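These protein sequence lines map, in sequence, to chains A and B.
Counting in the numbering used here, the first sequence runs from 1 upward without gaps.
Counting in the numbering used here, the second sequence runs from 1 upward without gaps.
Here a beta-carbon is modelled for each residue, glycine too, at the ideal position from N, C-alpha and C.
Quantities reported herein were computed from a predicted structural model and do not represent experimental measurements.
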Amino acid sequence: EAQVTQNPRYLITVTGKKLTVTCSQNMNHEYMSWYRQDPGLGLRQIYYSMNVEVTDKGDVPEGYKVSRKEKRNFPLILESPSPNQTSLYFCASSLKGGNYGYTFGSGTRLTVV
Amino acid sequence: AQSVTQLGSHVSVSEGALVLLRCNYSSSVPPYLFWYVQYPNQGLQLLLKYTTGATLVKGINGFEAEFKKSETSFHLTKPSAHMSDAAEYFCAVSLDTGRRALTFGSGTRLQVQP
């Protein structure tokens, strides 16, 4: 089944403790992206990647890092999480980018206390 | 810059009534437009998309949307609401630019009353 898999689904952590949210897709898509969803704000792009070793900032990149060492994986790293990063996070992939539409993962609900 | 405005953060309809969710966009070039649906505790699923050609686009679950360039709108409709349509709906726009990102509206939560 074609899908985007994110882990974990739920995560509660403390301020400053480094964490990684994993994302993997099995569709051989070139484009991958991370979004955060906050009430009343819709989805905002954090980082995106157009292909292996090609990543760039989205609209809200502060406090996040990403890497794209393999085509299928695009982990999101929070090196020193803060409470304002409490949010619902989605990984998405696309054949070549937005014009093709996205396939979304199921989401990761992160709480930073 | 591209942007998307969804009018009404909450819409409530009766079962069997018309569903109309509004979306307006701003874009200096021809846009690609999308509607996504998000059910509770799930990711977003593509309902339909407009790229080029026919301005009336049909999607899954009986939804359709019409691209109106003169009004810069892409409203989502369904003739008869079902209880299972209760969800949050997001309009999104993509421009054929280097970043290749989708820009999303803030969402409309649809409630269906029995």
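How long is the line joining the alpha carbons of B/SER3 and B/TYR25, rounded to whole angstroms? By one-based count along the second sequence, residue 3 of chain B stands at place 3. By one-based count along the second sequence, residue 25 of chain B stands at place 25. Rounded to the nearest angstrom, the two C-alpha atoms are 6 Å apart.
Following the continuous beta strand (DSSP E) through A/SER24, name the residue where it begins and the one where it ends. In the first sequence, residue 24 of chain A corresponds to position 24, counting from 1. Its beta strand (DSSP E) spans residues 19-25.
Would you call A/ASN99 buried or exposed, if buried means 16 or more other Cβ atoms sit within 10 Å of its Cβ? Within the first sequence, numbered from 1, the residue matching residue 99 of chain A stands at position 99. When all chains shown are included, A/ASN99 counts as buried.
Here's a check: name, in chain order, each residue in its chain whose Cβ is nearer than 7 Å to the Cβ of B/TYR39, leaving out the five neighbours to either side. In the second sequence, residue 39 of chain B corresponds to position 39, counting from 1. Closer than 7 Å at the Cβ level, and outside the excluded window around B/TYR39, lie ALA87.
Option nearest A/THR108 by Cα separation, candidates A/GLN85, A/GLY63 and A/GLY101: Working through the first sequence from its first residue, we reach residue 108 of chain A at position 108. Cα-wise, what sits closest to A/THR108 is A/GLN85.
DSSP state of B/SER84, grouped into three classes? As a working mapping, residue 84 of chain B is identified with position 84 in the second sequence. Helix.
Taking the straight line between their C-alpha atoms, what separation do you get for B/ILE60 and A/LYS18? By 1-based counting over the second sequence, the position of residue 60 of chain B is 60. By 1-based counting over the first sequence, the position of residue 18 of chain A is 18. So the two alpha carbons sit approximately 41 Å from each other.
With a threshold of 8 Å, are at least 3 pairs of Cβ atoms found where one atom belongs to the stretch 87-106 of chain A and the other to the stretch 52-67 of chain A? no
At 7 Å on the CB atoms, spell out the chain B contacts of A/LYS104, in chain order. Walking along the first sequence from the start, residue 104 of chain A turns up at place 104. It is Phe, not Lys, that sits at residue 104 of chain A in the sequence shown. Proximity of chain B to A/PHE104 at the Cβ level (cut-off 7 Å) is accounted for by GLY43 and LEU44, in chain order.
Here's the rule: buried if 16 or more other CB atoms are within 10 angstroms of the residue's CB, otherwise exposed. What is B/HIS75? Counting from 1 along the second sequence, the entry for residue 75 of chain B is found at position 75. The residue in question, B/HIS75, is buried, as its Cβ has 16 or more Cβ neighbours within 10 Å.
Which one or two residues does DSSP pair with A/PHE160 in a beta bridge? Because residue 160 of chain A is not part of the residues shown, which for chain A are 1 to 113, the question remains open.
In the stretch 46-63 of chain A, which residues sit with their C-beta less than 9 Å from some C-beta in chain B, listed in chain order? For chain B, the residues of the stretch 46-63 of chain A that bring a beta carbon within less than 9 Å of one of its beta carbons are TYR48, MET50, ASP56, GLY58 and ASP59, in chain order.
Would you report the Cα separation of A/PHE90 and A/GLN6, rounded to the nearest angstrom? Stepping through the first sequence from its first residue, residue 90 of chain A is reached at position 90. Stepping through the first sequence from its first residue, residue 6 of chain A is reached at position 6. So the alpha carbons of these two residues sit roughly 8 Å apart.
Which same chain residues, not among the five before or five after B/LYS58, have their C-beta less than 6 Å away from its C-beta? Residue numbering aside, residue 58 of chain B sits at position 58 when the second sequence is read from its first letter. These residues qualify, in order along the chain: GLU64.
Interface residues of chain A facing B/ALA101 [CB-CB closer than 9 Å]: Residue numbering aside, residue 101 of chain B sits at position 101 when the second sequence is read from its first letter. Near B/ALA101 (Cβ distances below 9 Å), the residues of chain A are SER33, GLN45, TYR48, GLY58, ASP59, GLY97 and GLY98.
Within a Cβ cutoff of 6 Å, which residues of the same chain sit near B/VAL37, ignoring the five residues on either side of it in sequence? By 1-based counting over the second sequence, the position of residue 37 of chain B is 37. So the list reads GLN45, LEU47, ALA87 and TYR89, once near-sequence residues are dropped.
Of the residues B/THR5, B/GLY16 and B/SER9, the one placed nearest B/MET83, counting alpha carbons only: The residue labelled residue 83 of chain B in the question sits at position 83 within the second sequence. The option with the nearest alpha carbon to B/MET83 is B/GLY16.
Terminal residues of the continuous beta strand (DSSP E) containing A/VAL4? Looking up residue 4 of chain A in the first sequence gives position 4. Residues 4-7.
Would you check if the distance between the CB atom of A/LYS71 and the CB atom of A/ASN26 is smaller than 8 Å? Translated into the one-based positions of the first sequence, residue 71 of chain A becomes position 71. Translated into the one-based positions of the first sequence, residue 26 of chain A becomes position 26. No. Outside cutoff.
Strictly below 7 Å CB to CB, what residues from chain A border B/LYS49? In the second sequence, counting from the first residue as 1, residue 49 of chain B sits at position 49. Neighbours of B/LYS49 on chain A, chain order: GLY101.
Interface residues of chain A facing B/PHE90 [CB-CB closer than 8 Å]: Walking along the second sequence from the start, residue 90 of chain B turns up at place 90. The answer, in chain order, is GLY42 and LEU43.
Minimum C-alpha distance to A/SER80 - residue among A/GLU1, A/THR13 and A/ILE46: Sequence index remark: in the first sequence, residue 80 of chain A carries index 80 (1-based). The shortest Cα separation from A/SER80 among A/GLU1, A/THR13 and A/ILE46 belongs to A/THR13.
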